[in-house]
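Per UniProt numbering, numbering through the sequence shown is continuous, rising by one, with the last residue being 332.
Each residue gets a CB set at the ideal place from its N, CA and C atoms; glycine is no exception.
Keep in mind that this is a model prediction, so the values were computed, not measured.
A short worksheet on the structure shown next.
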Amino acid sequence: MAKDPVRVLVTGAAGQIGYALVPMIARGVMLGPDQPVILHMLDIPPAAEALNGVKMELVDAAFPLLKGVVATTDAVEACTGVSVAIMVGGFPRKEGMERKDVMSKNVSIYKSQASALEKHAASNCKVLVVANPANTNALILKEFAPSIPEKNITCLTRLDHNRALGQISERLSVQVSDVKNVIIWGNHSSTQYPDVNHATVKTPTGEKPVRELVADDAWLNAEFIATVQQRGAAIIKARKLSSALSAASSACDHIRDWVLGTPEGSWVSMGVYSDGSYNVPAGLIYSFPVTCKNGEWSIVQGLSIDEFSRKKLDLTAEELTEEKALAYSCLS
Ligand code: NAD
Ligand code: LMR
């Protein structure tokens, strides 16, 4: 029997991530090839005409899974009845700016959209915040939507996770699909800690640790980390625009694994509400390794953290604590 359509909200849908993301959702990349969807697209009035153009293209593409499109500048209409909300709307970072610089513009948007989601979305709505500063916007959304379960509010660090997989795959000349269990700890910013201490590669003779195969700790502990941390800035420098297709694809990966589950024996990175695991302060949205089953994520427990990693986990937590204070000062 055909499934009922799921309503999926994309905010900032007239922007460049939105333009890459909505066709992926309409093709079933996010929720599966047998899951019909109704797309809810929100943008602001200056972008209304462009948003309508995106709607026209969605109609023209005749996606079999796409059962309807709501294109609106009204947050209440956009949020009504949605079960998945991808929050992309906001202002992107430009060359030379740190993610903190976009804070004051974006946190106030997340405060007001929190209320619209809380009042009008489906009660089990899964929320993914993409817009920067992604962790702190998600935290603000969580705090101003107290009736949405905290487990339902997450932010995107899957792009960083995928970037780490890509770097290892290139370095070892192996298929990216054979590399697994990298971890992004902390903030979606240049303080994030891409950790390969538990990562493995599938080889003809079994799974081998990335550290053993790379056999170059100096590269793994310095250049690899810096490349992943700075990849967003490198894309902005090259494109004069922030990453879009990789962000859209990673957002699909994030929701797909959350809803449909992670494969046995592997984990992914998600920005989630910290419960104090790994001595990360509770009350931050922090990226952890997670597995997903039955639509719920759980933080992978019991991984060993060496002294080098500990310092990096703490540094990015400190930045998030500062961002949280800054966000509240922008809102007051
Ligand atoms: P963009 O400027 O092309 O698009 C953003 C869209 O949001 C625009 O159409 C704008 O009109 C709209 N918008 C602004 N305020 C809004 C509001 N209040 N409600 C609804 N829509 C609103 O930017 P982009 O390149 O698509 O990037 C979007 C965001 O995603 C930026 O904050 C960017 O920094 C961030 N980003 C995050 C990641 C990640 O991995 N977490 C990766 C790439 C980009
Ligand atoms: C990215 O990681 O590509 C985005 O967050 C854009 C940015 O500001 O770095």
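Quiz item: Comparing the CB of residue 163 with every heavy atom of ligand 1, is any distance shorter than 7 Å?
Solution: Answer for residue 163: no, Cβ out of range of ligand 1.
Practice problem: Kindly examine ligand 1 and report whether one of its heavy atoms sits closer than 7 Å to the Cβ of residue 48. | Solution: No.
Exercise. Inspect the beta-carbon positions of residue 2 and residue 42 and report whether they are closer than 8 Å.
Key: no
Quiz item: Which residues bound the beta strand (DSSP E) around residue 308?
Solution: Annotation: residue 308 is outside any beta strand (DSSP E); the continuous alpha helix (DSSP H) that includes it extends over 307–331.
Quiz item: Does the count of Cβ pairs from the region 154–164 and the region 111–121 closer than 8 Å reach three?
Solution: no
Quiz item: If you measure from the CB of residue 249, is any heavy atom of ligand 2 nearer than 7 Å?
Solution: no
Quiz prompt | Proximity of residue 224 and residue 194 at Cβ, strictly below 8 Å | solution = yes
Quiz item: DSSP puts residue 288 in a beta bridge; with which residues?
Solution: 270
Self-check item: Alpha-carbon to alpha-carbon, residue 320 and residue 279
Solution: Roughly 14 Å between the two C-alpha positions.
Quiz item: To the nearest angstrom, how far is it from the Cα of residue 288 to the Cα of residue 210?
Solution: If I take the Cα positions, the gap works out to 19 Å.
Quiz item: How is the beta strand (DSSP E) around residue 7 delimited, first residue to last?
Solution: 6–11
Quiz prompt | Cβ-heavy atom distance, residue 86 to ligand 4, below 7 Å | solution = This structure does not include ligand 4; its bound ligands are ligand 1 and ligand 2.
Quiz item: In three-state terms, what does DSSP make of residue 24?
Solution: In the structure shown, residue 24 sits in a helix (DSSP, three-state: H, G or I).
Quiz item: If we ignore side chains and look at the alpha-carbon of each, how far apart do residue 277 and residue 239 end up?
Solution: 38 Å
Self-check item: Run of the alpha helix (DSSP H) containing residue 103, from where it starts to where it stops
Solution: 103–120
Quiz prompt | Straight-line Cα distance separating residue 244 from residue 70 | solution = 22 Å
Self-check item: Whole-angstrom distance between residue 206 and residue 140, CA atom to CA atom
Solution: 44 Å
Practice problem: Determine the closest residue to residue 291 out of 202, 285, 300, 111, with distance taken between C-alpha atoms. | Solution: 300
Quiz item: For residue 37, which three-state DSSP category applies?
Solution: strand
Quiz item: Got a sec? Which residues, its chain only, sit under 6 Å from residue 199 by beta carbon, not counting five neighbours each side?
Solution: 181, 182, 210
Quiz item: Quick one, which of 90, 81, 150 has its alpha-carbon nearest residue 14's?
Solution: Nearest to residue 14 by C-alpha distance, out of 90, 81, 150, is 90.
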